[in-house]
Amino acid sequence: MSRRVTGPEIERLVQLLARLPGLGPRSARRAALQLVKRKDQLLIPLAEALGRVGETVRVCSSCGNIDTTDPCFVCTDPRRDASTIVVVEDVSDLWALERSGAVDARYHVLGGVLSPLNGIGPDDLDIAGLVERAHDPAVKEVILAVNATVDGQTTAHYVTDRLQGLDVKVSRLAHGVPVGGELDYLDEGTLAAAIRARTPF
Amino acid sequence: MEWTSEALVLGSRPHGEGSVILEVMTGERGRHLGLVKGGRSRRVAPILQPGNTVQLTWRARLDAHLGMFTAELVTGRAARLMETAAGVYGVQVLTALLRYLPERDPHPALFEAATIAADHLADPIDAGRLLVRFELAVLDDLGFGLDLTACAATGAITDLVYVSPKSARAVSAAAGAPYRDKLLPLPRFLAPGGEAEVPTPADLLAAFRLTGYFLDRHVATPRGEPLTPARAQFLEHLKAAGG
Chain A
23 MSRRVTGPEI ERLVQLLARL PGLGPRSARR AALQLVKRKD QLLIPLAEAL
73 GRVGETVRVC SSCGNIDTTD PCFVCTDPRR DASTIVVVED VSDLWALERS
123 GAVDARYHVL GGVLSPLNGI GPDDLDIAGL VERAHDPAVK EVILAVNATV
173 DGQTTAHYVT DRLQGLDVKV SRLAHGVPVG GELDYLDEGT LAAAIRARTP
223 F
Chain B
4 MEWTSEALVL GSRPHGEGSV ILEVMTGERG RHLGLVKGGR SRRVAPILQP
54 GNTVQLTWRA RLDAHLGMFT AELVTGRAAR LMETAAGVYG VQVLTALLRY
104 LPERDPHPAL FEAATIAADH LADPIDAGRL LVRFELAVLD DLGFGLDLTA
154 CAATGAITDL VYVSPKSARA VSAAAGAPYR DKLLPLPRFL APGGEAEVPT
204 PADLLAAFRL TGYFLDRHVA TPRGEPLTPA RAQFLEHLKA AGG
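Line by line, the protein sequences give chains A and B.
Those letters in the first sequence? Residues 23 to 223, per our numbering, in order.
Those letters in the second sequence? Residues 4 to 246, per our numbering, in order.
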């Protein structure tokens, strides 16, 4: 049995850090050591920032994004195109699209995808909120930016079915060859989808 | 312990940061689960999509263990299935039906039928024809099969147009006439001699009402869960295909 080398407070810090994605017990211990070594530059500012976020963080009641204000900055930004809603599975997808700078629209976070294996049905996702938003006459297009997985596309088709009858154009992301992808390594279905969605050159 | 087999992917759930617990249907070993290390990676995740056929190797120290899978793609169907609503709803219905089977219980005929159905899910009519027969086969394998060979009341083998919701046996038009409000309609393509008939969307919807009744009563309700919502969505698209 290994002997304890730190007090319970630092052990608790290590245990909490080890719960973060990408960190195991060893890397959590290294991170904790860096924090305590650089107490004034890192540990205290980090603790203050965490405390502040903990007090103010909330889920946007309109789009489901996570921010420190409700409605979130994305929903209140007047420069964004209010006629387009980009539907994403999770906040991480919203952040990824924002990093790309490809769209300047509003978002809607579903909170997951339909997954019978994991017991996630339509009532577990914020589809009703999306349908309600799509009823707004100002909304002209809904872009389904869900993952290219069977569960993701089942959700996309389900959302499309729910939006049927509304005066909105429903589109989805293209499927095909990823940048840096080699044709030799792609499955036949993806290649076929890429051929079908080819564009003039 | 080790075995290698071809398998139809039913689904996967995340395990830890990069791995998944994969659920597959095999011919000789039935529905089987196993851990795939790195199953959420960019290279492996597309292979493990529901509807794909993979070559699997399972390894474990003891037979009772969950074990580890390594998978190689044999037939990639997922991308094609994702193109149509019938495809994605169809594959969800197919996998939900296979999940009713007990784990590690071999059902080679169902595996064959599921593989054939997975190849034809993109078209709602073809998919409907195959899925409804698949539902009958699942009911049969679970011990709740329908007897559609002869009339439960008279023994007649012709003019079978109803099914009794109590006995799950066919009933002829003459014998069933007084009780027709209580009986379930039996579409001609499911009756003896009707195998060659091409069902209309209305026939298929009647057939799904029939199988849905018995699946709900004998399989879903005893488990305390409804039939998969994808089934209702699939039927909506089947109805739309019929005009």
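Heads up, the beta-carbon is just placed ideally off N, CA and C, and yes, glycines get one too.
Values in this document were obtained by computation on a predicted structure and should not be read as measured data.
At what residues does the beta strand (DSSP E) containing residue i begin and finish?
i: Glu-120 of chain A; result: Not the beta strand (DSSP E): Glu-120 of chain A falls in the alpha helix (DSSP H), residues 113-122.
i: Glu-106 of chain B; result: That residue, Glu-106 of chain B, is in no beta strand (DSSP E); it is neither H nor E in DSSP.
i: His-35 of chain B; result: 33-39
i: Asp-162 of chain B; result: From DSSP, Asp-162 of chain B is part of no beta strand (DSSP E); its letter is neither H nor E.
i: Thr-212 of chain A; result: Per DSSP, Thr-212 of chain A belongs to no beta strand (DSSP E); it is in the alpha helix (DSSP H), 210-218.
i: Ala-153 of chain B; result: Run containing Ala-153 of chain B: none; DSSP gives neither H nor E here.
i: Val-23 of chain B; result: 22-29
i: Leu-76 of chain B; result: 71-78
i: Val-135 of chain A; result: Careful: Val-135 of chain A lies outside any beta strand (DSSP E) and carries neither H nor E.
i: Leu-188 of chain A; result: Taken as a continuous stretch (DSSP letters only), Leu-188 of chain A belongs to no beta strand (DSSP E), as it is neither H nor E.
i: Leu-166 of chain A; result: 163-166
State the DSSP-derived secondary structure class of residue i, mapped to helix, strand or coil.
i: Thr-177 of chain A; result: helix
i: Gln-58 of chain B; result: strand
i: Val-36 of chain A; result: helix
i: Phe-223 of chain A; result: coil
i: Leu-13 of chain B; result: strand
i: Thr-118 of chain B; result: helix
i: Val-109 of chain A; result: strand
i: Ala-127 of chain A; result: strand
i: Thr-231 of chain B; result: coil
i: Ala-223 of chain B; result: helix
i: Arg-191 of chain B; result: helix
i: Val-199 of chain A; result: coil
i: Arg-155 of chain A; result: helix
i: His-123 of chain B; result: coil
i: Ile-88 of chain A; result: strand
i: Ala-150 of chain A; result: helix
Any idea if residue i is buried or exposed, counting beta-carbon neighbours within 10 angstroms, 16 or more meaning buried?
i: Tyr-207 of chain A; result: exposed
i: Gln-56 of chain A; result: exposed
i: Glu-198 of chain B; result: exposed
i: Thr-118 of chain B; result: buried
i: Gly-79 of chain B; result: buried
i: Val-141 of chain B; result: buried
i: Asp-209 of chain A; result: buried
i: Pro-53 of chain B; result: buried
i: Met-85 of chain B; result: buried
i: Met-28 of chain B; result: buried
i: Asp-206 of chain B; result: buried
i: Trp-117 of chain A; result: exposed
i: Gln-63 of chain A; result: exposed
i: Val-75 of chain A; result: exposed
i: Glu-75 of chain B; result: exposed
i: Gly-44 of chain A; result: exposed
i: Gln-175 of chain A; result: buried
Which first and last residues belong to the alpha helix (DSSP H) in which residue i is found?
i: Asp-143 of chain B; result: 127-144
i: Ala-88 of chain B; result: 88-101
i: Gly-73 of chain A; result: 66-78
i: Ala-177 of chain B; result: 176-179
i: Tyr-249 of chain B; result: No answer is possible for residue 249 of chain B: the residues shown for chain B start at 4 and end at 246.
i: Lys-191 of chain A; result: Careful: Lys-191 of chain A lies outside any alpha helix (DSSP H), inside the beta strand (DSSP E) at 191-194.
i: Ile-142 of chain A; result: Neither: Ile-142 of chain A is in no alpha helix (DSSP H) and is coded neither H nor E.
i: Glu-200 of chain B; result: No alpha helix (DSSP H) holds Glu-200 of chain B; DSSP gives it neither H nor E.
i: Val-58 of chain A; result: 47-59
i: Cys-97 of chain A; result: 95-98
i: Ala-82 of chain B; result: 81-84
Could you check how far apart the C-beta atoms of residue i and residue j are, in whole angstroms? I think they sit under 8 angstroms.
i: Phe-237 of chain B; j: Val-135 of chain B; result: About 11 angstroms separates the two Cβ atoms, so there is no contact after all.
i: Leu-185 of chain A; j: Val-161 of chain A; result: Not a contact, Cβ separation roughly 10 angstroms.
i: Thr-98 of chain B; j: Leu-13 of chain B; result: 4 angstroms
i: Ala-130 of chain B; j: Val-172 of chain A; result: Not quite, the Cβ-Cβ distance comes to about 15 angstroms (not below 8 angstroms), so this is no contact.
i: Leu-149 of chain B; j: Val-174 of chain B; result: Between Val-174 of chain B and Leu-149 of chain B the Cβ distance is about 12 angstroms, and since that is not below 8 angstroms, they are no contact.
i: Glu-31 of chain B; j: Pro-105 of chain B; result: The Cβ separation is near 15 angstroms, so there is no contact.
i: Pro-93 of chain A; j: Ser-105 of chain A; result: Contact doesn't hold; Cβ gap of about 17 angstroms is too wide.
i: Pro-204 of chain B; j: Leu-187 of chain B; result: Pro-204 of chain B to Leu-187 of chain B, Cβ: 18 angstroms. No contact.
i: Ala-53 of chain A; j: Leu-38 of chain A; result: At roughly 10 angstroms, the Cβ-Cβ gap does not stay under 8 angstroms, so Ala-53 of chain A and Leu-38 of chain A are not in contact.
i: Leu-218 of chain B; j: Leu-230 of chain B; result: 6 angstroms
i: Leu-145 of chain B; j: Val-222 of chain B; result: 6 angstroms
i: Ala-167 of chain A; j: Asp-115 of chain A; result: 7 angstroms
Report yes or no: do three or more beta-carbon pairs, one from the stretch 152-172 of chain B and one from the stretch 185-198 of chain B, lie closer than 8 angstroms?
-> yes
With a cut-off of 8 angstroms, do at least 3 Cβ pairs link the stretch 166-181 of chain A to the stretch 129-140 of chain A?
-> yes
The stretch 212-219 of chain A touching the stretch 187-197 of chain A, judged by at least three CB pairs closer than 8 angstroms = yes
Touch test, the stretch 26-43 of chain B against the stretch 143-162 of chain A, Cβ-Cβ under 8 angstroms, three pairs minimum = no
Determine contact between the stretch 55-65 of chain B and the stretch 146-154 of chain A, defined as no fewer than three beta-carbon pairs at a distance below 8 angstroms.
-> no
Stretch pair the stretch 93-112 of chain B + the stretch 200-216 of chain B: three plus CB contacts closer than 8 angstroms = no
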